[in-house]
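Q: First the structure, which I've put down as C-alpha cells, then a few questions once you've had a look.
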Amino acid sequence: MSKITTELLLERAVPRSTRLRKIETLNLSKLQLTTGDLDPRLFSRLRHLQKLDLSDNLLDRFPNSLTLPDLRVLNCNNNKLEDVTALKQFPLLEELTYENNVCLTLNDDYKVMFLLQNLRLLNGKNITKLANHVRHVNSRKLTSKVTAHWEKFFRDQLPEKYTAEQVQSVKKKFLQSVETNVVYGPSSLSEFTRWRVKMIAEEFLACSLGLELNSDPESEEKMDENEEESTESPRKAAEDGDQVTVTPSKRKRNNSKPRSGNKKSKSRRNTEEEAEEDVSAEPLHFLQCHSKGNSREDFKTQLWSCVFEPLLDCGARKDPIVSSSRTVATCGGESVCLIDCETGTVLKKYKVATEEFFSVAWTTLTMALSDSRKKSHNILAAAGRRGIVKLIHVAADFCYGEIKAHKKPIATVCFSPTRETHLFTASYDKRIALWDIGIPDCDYSFKASQLLVLEVFSIPLRLALVPTCPEQYLLAGCEGGCFVWNIKLDKTQKSRPCEALFQFPDEDGNMTTSHRVDGLAFLNDDLIVSKSSKPGCINLWSWSRSFDSKGKGCQRTLAAVIVAELEWSTTDMSYLTLSTCPAKAYVFCGDEKGSVWMYHLSNYTTAGSSAKGKRSDRRIPPTQILQWPELRANGKQLPEVLVNNVVSDPTFTYLVVLTSVNITAIWKKS
Numbered sequence: 008m009s010k011i012t013t014e015l016l017l018e019r020a021v022p023r024s025t026r027l028r029k030i031e032t033l034n035l036s037k038l039q040l041t042t043g044d045l046d047p048r049l050f051s052r053l054r055h056l057q058k059l060d061l062s063d064n065l066l067d068r069f070p071n072s073l074t075l076p077d078l079r080v081l082n083c084n085n086n087k088l089e090d091v092t093a094l095k096q097f098p099l100l101e102e103l104t105y106e107n108n109v110c111l112t113l114n115d116d117y118k119v120m121f122l123l124q125n126l127r128l129l130n131g132k133n134i135t136k137l138a139n140h141v142r143h144v145n146s147r148k149l150t151s152k153v154t155a156h157w158e159k160f161f162r163d164q165l166p167e168k169y170t171a172e173q174v175q176s177v178k179k180k181f182l183q184s185v186e187t188n189v190v191y192g193p194s195s196l197s198e199f200t201r202w203r204v205k206m207i208a209e210e211f212l213a214c215s216l217g218l219e220l221n222s223d224p225e226s227e228e229k230m231d232e233n234e235e236e237s238t239e240s241p242r243k244a245a246e247d248g249d250q251v252t253v254t255p256s257k258r259k260r261n262n263s264k265p266r267s268g269n270k271k272s273k274s275r276r277n278t279e280e281e282a283e284e285d286v287s288a289e290p291l292h293f294l295q296c297h298s299k300g301n302s303r304e305d306f307k308t309q310l311w312s313c314v315f316e317p318l319l320d321c322g323a324r325k326d327p328i329v330s331s332s333r334t335v336a337t338c339g340g341e342s343v344c345l346i347d348c349e350t351g352t353v354l355k356k357y358k359v360a361t362e363e364f365f366s367v368a369w370t371t372l373t374m375a376l377s378d379s380r381k382k383s384h385n386i387l388a389a390a391g392r393r394g395i396v397k398l399i400h401v402a403a404d405f406c407y408g409e410i411k412a413h414k415k416p417i418a419t420v421c422f423s424p425t426r427e428t429h430l431f432t433a434s435y436d437k438r439i440a441l442w443d444i445g446i447p448d449c450d451y452s453f454k455a456s457q458l459l460v461l462e463v464f465s466i467p468l469r470l471a472l473v474p475t476c477p478e479q480y481l482l483a484g485c486e487g488g489c490f491v492w493n494i495k496l497d498k499t500q501k502s503r504p505c506e507a508l509f510q511f512p513d514e515d516g517n518m519t520t521s522h523r524v525d526g527l528a529f530l531n532d533d534l535i536v537s538k539s540s541k542p543g544c545i546n547l548w549s550w551s552r553s554f555d556s557k558g559k560g561c562q563r564t565l566a567a568v569i570v571a572e573l574e575w576s577t578t579d580m581s582y583l584t585l586s587t588c589p590a591k592a593y594v595f596c597g598d599e600k601g602s603v604w605m606y607h608l609s610n611y612t613t614a615g616s617s618a619k620g621k622r623s624d625r626r627i628p629p630t631q632i633l634q635w636p637e638l639r640a641n642g643k644q645l646p647e648v649l650v651n652n653v654v655s656d657p658t659f660t661y662l663v664v665l666t667s668v669n670i671t672a673i674w675k676k677s
C-alpha cells in the first residue's frame with residue numbers, strides 16, 4: 008500500500024490544508040518514499056501545487072504522468088535518482104535541486120537545462136546564460152553536424168521509390184552512425200551529446216524527410232466507426248495533445264443539408280443542384296494540444312490561426328493542388344503546434360510562456376549548407392500579443408530568431424507568394440509593416456529589415472494580397488472597414504496611406520465604409536469573400552470591377568461591386584473568420600454554435616462569370632453545414648463552442664477547425 012494518502016498530503020501542506028486543490032507548497036521529505044509511492048491519480052489533484060520538497064527519500068526516478076501543471080520549485084536532494092528526463096513533464100519549473108544523487112552527472116545537468124525552458128536555478132546556481140547556450144548554440148551546432156552527416160554519407164542510400172524495409176535499414180544505420188561519429192564539446196559531456204544527437208537525428212528523419220519514427224503499419228489499427236474514442240495515433244510524441252471523447256451517435260458520417268429559413272422556389276434550383284453534391288465528411292480527431300501548462304482542464308484557451316505546410320518540392324507558383332502536405336501549423340495561447348492531420352499526431356510543439364499567439368504563416372527558403380551547397384527548408388513565422396515574430400526552422404526544431412516588429416500585439420501575418428523573404432505584419436498599433444526577413448546562413452545568422460509601413464485608420468485584422476498583382480496591391484480587413492494599398496517597392500515613399508477604402512451595403516441597404524471586416528480572402532484571381540458589414544451575410548465581390556487602378560489620388564472611396572451575398576449565421580459575434588479553397592471553389596466559415604458553413608461556388612468562379620455576371624438578388628444558402636458533434640470531456644459536456652477559424656488543405660481532403668474551447672477538430676472528406 009502506498010505511503011501517500013490524501014490525509015498525509017493535507018497534513019504535510021504548508022500551511023496545512025483542507026482541500027488538495029488549494030495546496031501550493033508541499034513537504035514530503037524524509038518519508039522513505041520510493042517511486043511507486045508517487046501515485047499519479049492522487050498527485051493529479053494537486054492542480055495548484057507550486058513548491059514540492061521530496062528530499063531525503065529513496066526515489067530512483069519520476070513517474071511520467073504526475074500532472075503538476077503549475078510546479079515551479081522542486082527539491083530532490085538526497086535520493087537515488089538515476090534519470091532526469093521525466094522532469095520534462097514540469098515545463099514551468101524554475102528552481103530544481105537534486106544534489107547528493109550519486110548516479111547523476113554533469114550530463115544530466117545539461118539534459119534538464121535543455122528540457123526545462125524556464126529553469127533559472129539548478130542546485131542553487133543561476134544557469135540562465137549556460138542554459139541558453141545549451142538550448143540554442145549547442146543545438147544549432149549539433150543540428151548542422153547531423154544534417155551534414157546525412158548529406159555526406161546517407162542521402163544517396165535511399166532510392167527515389169523506397170520500401171518500408173529500406174527505410175528501416177537506412178534509418179537504423181544512420182542513427183547508429185551519427186551517435187558514433189558526430190562529436191561536439193568536451194568528452195565529459197559525451198553522453199549528453201549522444202542523447203541530443205539521437206534526438207535531432209530522429210526529428211530530422213521524421214520531419215525533414217518524412218520518415219515516420221514509428222513506421223510499423225500494423226501499429227495503428229483501424230477503429231470501428233461507432234467506437235467512442237477518436238482515432239488519434241498512439242504515438243508518444245502526442246503527449247501534449249489530449250483527446251476528447253466523442254459521443255458515438257454523433258460519430259457517424261456527416262451529410263448535413265443546407266439550413267435556411269426561406270421556402271424553396273424555382274430561383275433556388277441551382278443551389279439545390281449544388282447541394283446534391285454534399286461532401287461526406289467525418290471527424291477524425293479532436294485534440295486539446297494548446298493547453299496552458301498542459302492542463303487537461305483547460306477549455307478556455309482560444310485557438311486563432313492555422314495553415315498547411317507547403318511541400319518542399321513545390322514552389323509558391325506551382326499547382327496548389329499538390330503544393331501542401333497533410334501537416335498543419337496551429338496557434339493559440341502560449342503554443343504553436345504542428346499536427347499530422349491523418350494520424351492526429353502532434354509532431355512538434357513550441358512554447359513561449361509569456362506569449363499568446365494569434366497568427367502563423369509558412370515560407371520556403373533556400374538556405375546554404377556548411378559545405379556551400381543549397382537546400383530548401385520550410386520556415387514558420389509565428390506572432391501574437393508581444394508584437395514579436397518568431398522564426399522557426401521546423402526540420403531542425405529550432406527557433407533561430409525573432410523580429411521585434413511592433414510595440415503592440417500582431418493580429419495577423421502573411422508571406423508574399425512571389426518573394427519568399429517578404430513578410431507582412433498587421434498590428435494593433437494601426438500599422439501594417441513589410442519586412443525582409445533575410446535568409447539565415449549555416450550558423451543561422453540573419454538580418455531582417457523593414458521595407459515599408461502602411462498607415463491604417465483602425466486596427467487591421469486580415470490581410471490578402473491581390474493574386475494577379477501580389478507585389479503591387481494589398482487588401483486589409485480592419486476594425487473600421489476594408490482598405491487597399493499600393494505596395495510597389497519601386498516607390499521612394501516608405502510610409503504610405505491607403506489607396507482606397509471600399510463601401511458595402513448595411514442592414515438598411517445604404518452604402519457604408521464604417522464596419523468591422525473580420526474575414527477576407529480571395530476565392531480566385533478576381534473574386535473576394537469578406538464579412539461583415541451586414542448581420543447574417545458574407546459578401547462575394549469583384550476586385551477588377553470594384554477597383555480602378557488608373558484612378559488618381561489617395562484615399563478614394565469605392566463601392567464594392569457585389570456579385571452575391573452568402574447566407575450565414577445572424578450572430579453579432581466578432582472574429583469568427585472565413586477561409587477559401589480556390590482550387591475547389593469552396594468558402595468556409597464557422598459560427599457561434601460550433602458548426603462549419605460550406606459554400607460551393609463553382610458557378611461563380613468559372614472563366615468570365617465574375618467579370619460579367621450580374622448580382623444575384625437573393626442570398627445563397629450554404630451548400631452544406633457540418634454540425635459540431637456532442638463532445639464530452641471527463642464525463643462532462645463541453646461549454647459553448649465558437650469556431651474562430653476553419654481551413655482546408657488545397658485539395659480539400661482535410662478540414663481543420665479551431666475553437667474557443669481549446670479544441671482543434673480535424674475532419675476528413677470521405
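In terms of the working numbering, the sequence shown opens at residue 8 and continues consecutively. C-beta atoms are modelled at their ideal positions from N, C-alpha and C, and glycine is treated no differently.
Determine whether the beta carbon atoms of Y105 and K152 lie at a separation below 8 Å.
A: Not closer than 8 Å, so no.
Q: Which two residues bound the contiguous beta strand (DSSP E) that contains C639?
A: Strictly speaking, residue 639 in this sequence is Arg, with Cys absent from that position. First-last of the beta strand (DSSP E) with R639: 638 to 640.
Q: Below 8 Å on the Cβ atoms is my guess for L310 versus T666; work out the distance and round it to an integer in Å.
A: With 8 Å as the limit, L310 and T666 qualify as a contact, their Cβ atoms being about 6 Å apart.
Q: Cα-Cα, which of T475, L459, N531 is closest to R503?
A: For R503, the nearest C-alpha among the options comes from L459.
Q: Per DSSP, which residues does H429 bridge with? Please list them.
A: Note: H429 sits in a beta bridge opposite D443.
Q: Beta strand (DSSP E) containing S51: first to last residue?
A: Here S51 belongs to no beta strand (DSSP E), and DSSP marks it neither H nor E.
Q: Taking the straight line between their C-alpha atoms, what separation do you get for D90 and L16?
A: About 25 Å.
Q: Out of E462, T428, K454, which one is the CA nearest neighbour of I439?
A: Comparing Cα positions, the closest option is E462.
Q: Looking at C-alpha atoms only, which residue of V401, F306, A455 is the closest neighbour of D443?
A: Comparing Cα positions, the closest option is A455.
Q: State the DSSP-derived secondary structure class of L333, mapped to helix, strand or coil.
A: Just to set this straight, residue 333 is Arg in the shown sequence, not Leu. Strand, per DSSP.
Q: What residue from D77, V650, E514, I494 has the CA that sits closest to R426's CA?
A: Among D77, V650, E514, I494, the Cα nearest to that of R426 is on I494.
Q: Along the chain, where does the alpha helix (DSSP H) that runs through R563 open and close?
A: Looking at the DSSP string, R563 is not in any alpha helix (DSSP H); the run it does join, the beta strand (DSSP E), is 563 to 566.
Q: V144 to L88, Cα distance in whole Å?
A: Distance between the alpha carbons of V144 and L88 is about 28 Å.
Q: Is K437 near I466, with beta carbons less than 8 Å apart?
A: Taking 8 Å as the Cβ cut-off, K437 and I466 qualify as a contacting pair.
Q: Does the beta carbon of N85 come closer than 8 Å to any beta carbon on chain C?
A: No chain C appears in the structure shown, which is made up of a single protein chain.
Q: Cutting at 7 Å between CB atoms, please list the residues of its own chain near D693, excluding the five before and the five after it.
A: Nothing can be reported for residue 693, as the shown portion of the chain is limited to 8 through 677.
Q: Take every Cβ of the stretch 311 to 318, pair it with every Cβ of the stretch 647 to 661, and state whether three or more of those distances are shorter than 8 Å.
A: Contact between the stretch 311 to 318 and the stretch 647 to 661 is present, because at least three Cβ pairs lie under 8 Å.
Q: Should the stretch 395 to 403 be called in touch with the stretch 346 to 353, which here means at least 3 C-beta pairs below 8 Å?
A: As far as the Cβ criterion goes, the stretch 395 to 403 does not touch the stretch 346 to 353, which means the pair count is below three.
Q: What are the boundary residues of the alpha helix (DSSP H) that includes M120?
A: That run of the alpha helix (DSSP H) goes 113 to 122.
Q: Which value, in whole angstroms, describes the spacing of the CA atoms of D231 and R639?
A: With a pLDDT of 29 at D231, under the threshold of 50, the predicted position of this residue should be treated as unreliable, and no value is reported.
Q: Helix, strand or coil for N125? Go by DSSP, reduced to three states.
A: Residue state, collapsed to three classes: coil.
Q: Here's a check: name, in chain order, each residue in its chain whose Cβ is nearer than 8 Å to the Cβ of H55, leaving out the five neighbours to either side.
A: Taken in chain order, the residues that qualify are R28, K29, I30, E31, D77.
Q: So, with DSSP's three-state summary, where would you put V153?
A: DSSP places V153 in helix when its eight states are reduced to three.
Q: Please return the same chain residues whose Cβ sits closer than 6 Å to the Cβ of F69, not counting the five positions on each side in sequence.
A: The residues are A93.
Q: Just list the residues that DSSP pairs W492 with in beta bridges.
A: L481, per the DSSP bridge assignment.
Q: Can you give the beta carbon distance from S537 to L527, rounded, assuming they're within the 8 Å contact cut?
A: Indeed they touch by this definition, with Cβ atoms about 5 Å apart.
Q: How is H292 classed by DSSP in three states: helix, strand or coil?
A: Correct three-state label for H292: strand.
Q: Distance check for Q479 and L633, CA to CA, integer angstroms please.
A: Looking at the two C-alpha atoms, the distance is approximately 37 Å.
Q: Between G394 and F365, how many whole angstroms is the CB-CB distance? I'm expecting something under 8 Å.
A: Contact doesn't hold; Cβ gap of about 11 Å is too wide.
Q: Taking C-alpha atoms, which residue in D67, A471, I627, T475 lies nearest to L111?
A: That would be D67, whose Cα lies nearest to the Cα of L111.
Q: Sort out for me which residues DSSP pairs Y593 with in a bridge.
A: Per DSSP, C588, H607.
Q: What is the rounded straight-line gap between the Cα of S51 and the Cα of Y357?
A: Taking the straight line joining both Cα atoms gives about 24 Å.
Q: Helix or strand or just coil, what does DSSP make of R68?
A: Here R68 sits in coil by DSSP.
Q: Just verifying my parser: in three-state terms, what is the DSSP assignment at M580?
A: Reduced to three states, the DSSP call for M580 is coil.
Q: On the three-state DSSP scale, how would you describe H413?
A: In the structure shown, H413 sits in coil (DSSP, three-state: anything other than H, G, I, E or B).
Q: Among residues of its own chain, excluding the 5 on either side of P193, which ones have a beta-carbon nearer than 6 Å to its beta-carbon?
A: Around P193: no qualifying Cβ.
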